[in-house]
Amino acid sequence: MSGVSVTKAAEDAAPEANDLVVLSNVNKHFGALHVLQDIDLTIARGEVVVVIGPSGSGKSTLCRTINRLETVDSGAISIDGKPLPQEGKELARLRADVGMVFQSFNLFAHKTVLENVMLGQIKVRKADKKAAEEKARTLLDRVGVGVQADKYPAQLSGGQQQRVAIARALAMDPKVMLFDEPTSALDPEMINEVLEVMQQLARDGMTMIVVTHEMGFARSAANRVVFMADGKIVEEATPDQFFSNPRSDRAKDFLSKILHH
Amino acid sequence: MNVLLDNFPAFRDGFIGTVSITAVSSLIALVLGVAVAGFRVSPVPPLRYFGTAWVTLMRNTPLTLLFLIFFFVVPEILFPGMSPFVLGSLALGFYTSSFVCEAVRSGINTVPLGQAEAARSIGMTFAQTLQLVVLPQATRTVVPPLSSIFIALTKNSAIAGAFSNAELFGWQKLMSDKGYDIVPVFIWVAIGYLIITFTISGLFRLLERRMEVAR
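Going line by line, the protein sequences match chains S and P.
For the first sequence, the tail end lands on 261 under UniProt numbering, and the numbers increase by one without skipping.
For the second sequence, the tail end lands on 215 under UniProt numbering, and the numbers increase by one without skipping.
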């Protein structure tokens, strides 16, 4: 009897050491709007979690709280065992370990593509210029925009810009990558080129938190789907379970609206 | 006789005086103005309060009053024995820094928020974000108003003349005391100022054109 409980405890402890991002009891308000309500979410190393849900459900906000671009009112967030510090040098150091890809790309408009990918390496990681350039070129080749290295962001298509943004985040060797609706601002024909890069990243074992409306990506790349509505996590399941047999009415309703037409 | 040729050394000293005060206080205004603009958008509340207080105080005090304070109060309590040139440059530089600050801040506000968010998300500190990402993109917007501010500064430097500085406008008083006809005196003074202000606007136009190419 006691032997069983010991084994059980050991099993419980094992995944904890493997937890990379832990949100516990997180609450946030925008004025009167309670945008995040008692959020508990744990993401393990190497896991790909896709967050879906209707507009205004708080999924982007959730994504942005993880590197503290949004502050939270209560609750705790920790990354790799360290709680998020207050604004300052320590937070900056932690953010360097958390890659972020935005809906609107946000490439530095006054820098070339190559400089965009080099800047963080040189100024934050203190890499020397030559090593930074080499790494930047490798990453740009990996996401398929190597030939655009010397252009400015405005000269690239949306899909290309977003792939550069992914390369810029990867250049920091992040422990986890956050994607805040990475394909929502793209023309339909450019969505796939970005998703393919993300899929490759998932296959390579990167820990990823992806807020998206791309159900195909959720099905093919996610280990787990988190469904949010009205500031709460309504359902968590594997993609298969979630798409074929959602438990909550809210999720059934959401899926019926997006899948059947 | 010709007022300029007869008194050229004094005119030249006045011209050089105006140029030096303008140059030194422009530099003070630029450095302080950018720094205070950084304070005003900083995430640290005390810095923000200081920035707001600085701008409110400097921008709303009449320049002559500021000069009076710098010449009669500051040496008494802080640093006795500063030269009129230093005191005048400081007064003018501090005053103009508040205008520079607001021009820079309006430039900062034209840079999309996403740029700063992206910089912070790759681990840059606030200072790095401002220096490497936001300010370079704000510069283009800030250059045209800065040109006006520095031209205004040039003309404001005339007040320093009333506080024992040799400068262009002070030469006018010297000449009229000597009994010269006032009209040619003023014309020469005006030409002196025009040379400086045209140089400033020319420099800024050059700067603007270079930045257009850079993008």
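Just so it is clear, CB atoms sit at the ideal spot from N, CA and C, and this is done for glycine as well.
Query, Result
"Selected residue, minimal CA-CA separation from isoleucine 66 of chain S, among S:Leu91, S:Val197, S:Arg250", "S:Leu91"
"Cβ shell of valine 19 of chain P (< 7 Å), same chain only, five flanking positions each side left out", "Ile196"
"Short-range partners of chain S found in the region 106 to 121 of chain P, where Cβ spacing is below 8 Å", "Pro112, Gly114, Gln115, Glu117, Ala118, Ala119, Arg120, Ser121"
"C-beta atoms of valine 194 of chain S and proline 182 of chain S nearer than 8 Å", "yes"
"Residue burial classification, alanine 119 of chain P (beta-carbon count within 10 angstroms, cutoff 16)", "buried"
"Proximity test, Cβ basis, 8 Å: valine 104 of chain P and chain S", "no"
"Against chain S: residues of the region 125 to 143 of chain P by CB proximity under 7 Å", "Thr125, Gln128, Leu132, Val133, Pro136, Gln137"
"Cβ pair cysteine 63 of chain S, leucine 178 of chain S closer than 8 Å", "yes"
"Asparagine 192 of chain S - DSSP class collapsed to helix/strand/coil", "helix"
"Check whether glycine 144 of chain S and aspartate 187 of chain S have beta carbons under 8 Å apart", "no"
"From S:Lys175, S:Leu114, S:Thr238, S:Ile233, residue whose alpha carbon lies closest to that of aspartate 79 of chain S", "The sequence as given places isoleucine at residue 79 of chain S; aspartate does not occur at that position. When each option's Cα is compared against that of isoleucine 79 of chain S, the closest is S:Lys175."
"Between the CA atoms of alanine 37 of chain P and tryptophan 188 of chain P - distance to the nearest angstrom", "38 Å"
"CA nearest to the CA of threonine 22 of chain P, picked from P:Leu130, P:Leu194, P:Thr154, P:Tyr193", "P:Thr154"
"Distance between leucine 156 of chain S and isoleucine 166 of chain S (C-alpha atoms, nearest Å)", "14 Å"
"8 Å contact criterion, which leucine 140 of chain S and alanine 149 of chain S should meet: CB distance rounded", "6 Å"
"Residue-chain proximity (serine 104 of chain S, chain P), Cβ-Cβ < 8 Å", "yes"
"Nearest neighbour of proline 239 of chain S, chosen from S:Lys232, S:Gly231, S:Ala132, S:Val226 [CA to CA]", "S:Val226"
"Residues that methionine 172 of chain S contacts on chain P, provided the C-beta gap is smaller than 7 Å", "Ile122, Gly123"
"Residues near asparagine 25 of chain S by beta carbon distance below 6 Å, same chain, minus five either side", "Asp38, Gly75"
"Chain P residues whose Cβ lies nearer than 9 Å to that of arginine 168 of chain S", "Ala118, Ile122"
"Straight-line Cα distance separating isoleucine 151 of chain P from valine 21 of chain S", "55 Å"
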